[in-house]
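Working notes, structure below.
Numbering (this note's numbering), first residue to last: 365 to 675.
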């Protein structure tokens with residue numbers, strides 16, 4: 365068994381320990397048996413070496429992909445409650461610095477905005493990415509900014525993904541993924557879910573107005589979860605630095621608007637506890653809200669669901 369120094373951890377590691385109520389202990393061979401796509405991912409990385417972390421996590425078990433050179437750390441884990449839950453457990457262990465990420469095989473209680481359940485079978489992407497604390501005053505806009513950099517990373521793969529305010533990823537006017545931002549003690553984590561090979565059936569959606577769903581495989585895109593996530597995470601890191609370098613929130617929001625779904629279209633706005641109404645999408649406000657025109661005047665929506673009238 366090799367000894368690893370925590371501060372030098374870069375590359376791809378499998379975390380094989382359990383956290384009661386949060387994560388199952390899973391060996392590399394077990395991960396392969398959970399999905400053919402994951403078997404392909406792990407086989408492509410050649411030899412997995414069991415390693416021991418000095419000082420931190422003395423009782424945890426780790427495996428390192430021996431053939432990977434990287435600037436960041438990607439932790440792979442088996443079934444867990446959610447990638448965000450487990451990511452916070454790793455942060456408390458001193459792991460996951462800025463741009464490090466966690467990728468889990470499946471979730472038994474993945475969550476979305478407003479506590480909604482995210483259906484999470486093996487084969488899709490369920491990740492948590494630690495973002496740098498932004499220098500610009502844009503915390504409220506982080507779901508949109510994260511969506512923007514992921515959409516631009518998707519474009520490099522030939523996929524025209526859009527952002528549906530406030531935190532959904534759309535492909536061909538169907539939901540293909542989602543983003544959830546959480547913050548604790550100055551640490552920001554972005555939970556990212558992407559339907560790679562499966563999507564929830566209509567009967568599993570929460571109501572009749574929910575957006576139809578899709579997966580990338582429906583459009584002929586073939587990939588494995590870890591391979592796709594490595595491409596997206598690397599692309600997002602580069603684009604985030606570019607976005608923050610502009611030092612002007614207005615320019616940043618203009619960049620987001622270029623990828624906004626249903627721009628200039630009529631939509632149904634459904635605020636919590638209020639009557640829904642029709643509006644036309646105008647863009648994104650500096651606060652991260654959605655600018656719309658409704659009832660003869662412009663307004664900014666901060667908290668609401670939104671659906672296109674025509675889909």
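Using N, Cα and C, we set each Cβ at its ideal position, and we do this for glycine too.
- Message: When you compare the CB positions of residue 433 and residue 375, do they come within less than 8 Å of one another, or not?
- Response: yes
- Task: Would you list the residues sitting across from residue 431 in a DSSP beta bridge?
- Result: According to DSSP, which records beta bridges pairwise, residue 431 is partnered with nothing at all.
- Task: Could you tell me the distance, in whole angstroms, from the CA atom of residue 437 to the CA atom of residue 465?
- Result: 6 Å
- Query: Hey, how far is the Cα of residue 527 from the Cα of residue 458?
  - Reply: 33 Å
- Message: Mapping the DSSP letters down to three states, classify residue 541 as helix, strand or coil.
- Response: strand
- Query: What residues in its chain sit with their C-beta under 6 Å from that of residue 604, if we drop five residues either side in the sequence?
  - Reply: 513
- Query: Does DSSP put residue 523 in a helix, a strand or coil?
  - Reply: coil
- Are the Cβ atoms of residue 412 and residue 378 separated by less than 8 Å? yes
- Task: Output yes or no for whether 8 Å exceeds the beta carbon distance between residue 507 and residue 530.
- Result: yes
- Every unbroken beta strand (DSSP E) inside the stretch 435-474 [3 residues or more]: 437-441, 465-468
- Item | Outcome for residue 524 when other beta-carbon atoms lying within 10 angstroms are tallied against a minimum of 16 | exposed
- For residue 594, the first and last residue of its enclosing beta strand (DSSP E): Unbroken run through residue 594 is the alpha helix (DSSP H), 589-609; no beta strand (DSSP E).
- Item | Neighbour-count burial assignment, residue 609, 16 or more Cβ in a 10 Å radius | exposed
- Query: Does DSSP put residue 572 in a helix, in a strand, or in coil?
  - Reply: Only weak support exists for where residue 572 lies, its pLDDT of 48 falling under 50; the coordinates are left without a value.
- alpha helix (DSSP H) containing residue 402: first to last residue? 400-408
- Message: Per DSSP, what are the beta-bridge partners of residue 547 in this structure?
- Response: 552
- Spatial neighbours of residue 623 in its chain, beta-carbon cut-off 7 Å, leaving aside the 5 residues before and after: 512, 515, 526, 527
- Whole-Å CB distance - residue 380 paired with residue 452, under 8 Å assumed: At roughly 19 Å, the Cβ-Cβ gap does not stay under 8 Å, so residue 380 and residue 452 are not in contact.
- What does a CB cutoff of less than 8 Å around residue 658 pick up in its chain, not counting 5 residues either side in sequence? 633, 641, 642, 643, 644
- What are the partner residues of residue 629, as DSSP defines its beta bridges? Paired residue(s): none; residue 629 is not in a bridge.
- In terms of residues, what are the limits of the beta strand (DSSP E) holding residue 644? 641-648
- Would you mind working out which of 667, 583, 492, 498 sits nearest residue 616, comparing C-alpha positions? 498
- Tell me whether residue 517 sits in a helix, a strand or coil according to DSSP, three-state version. helix
- Relative to the alpha-carbon of residue 550, which residue among 410, 439, 455, 414 has its alpha-carbon at the smallest distance? 455
- Item | Backbone CA spacing between residue 518 and residue 444 [nearest angstrom] | 26 Å
- In whole angstroms, what is the alpha-carbon distance linking residue 537 and residue 584? 16 Å
- Among residues of its own chain, excluding the 5 on either side of residue 468, which ones have a beta-carbon nearer than 6 Å to its beta-carbon? 441, 444, 447, 490
- With burial defined as no fewer than 16 other Cβ atoms inside 10 Å of the residue's Cβ, what is the status of residue 666: buried or exposed? exposed
- From residue 503 to residue 509, what distance separates their C-alpha atoms? 9 Å
- Message: Please tell me whether residue 653 and residue 621 are closer than 8 Å, where the distance is taken between their beta carbons.
- Response: no
- Query: Three-state secondary structure (DSSP) at residue 672?
  - Reply: strand
- Query: The beta strand (DSSP E) with residue 375 in it runs from where to where?
  - Reply: 375-379
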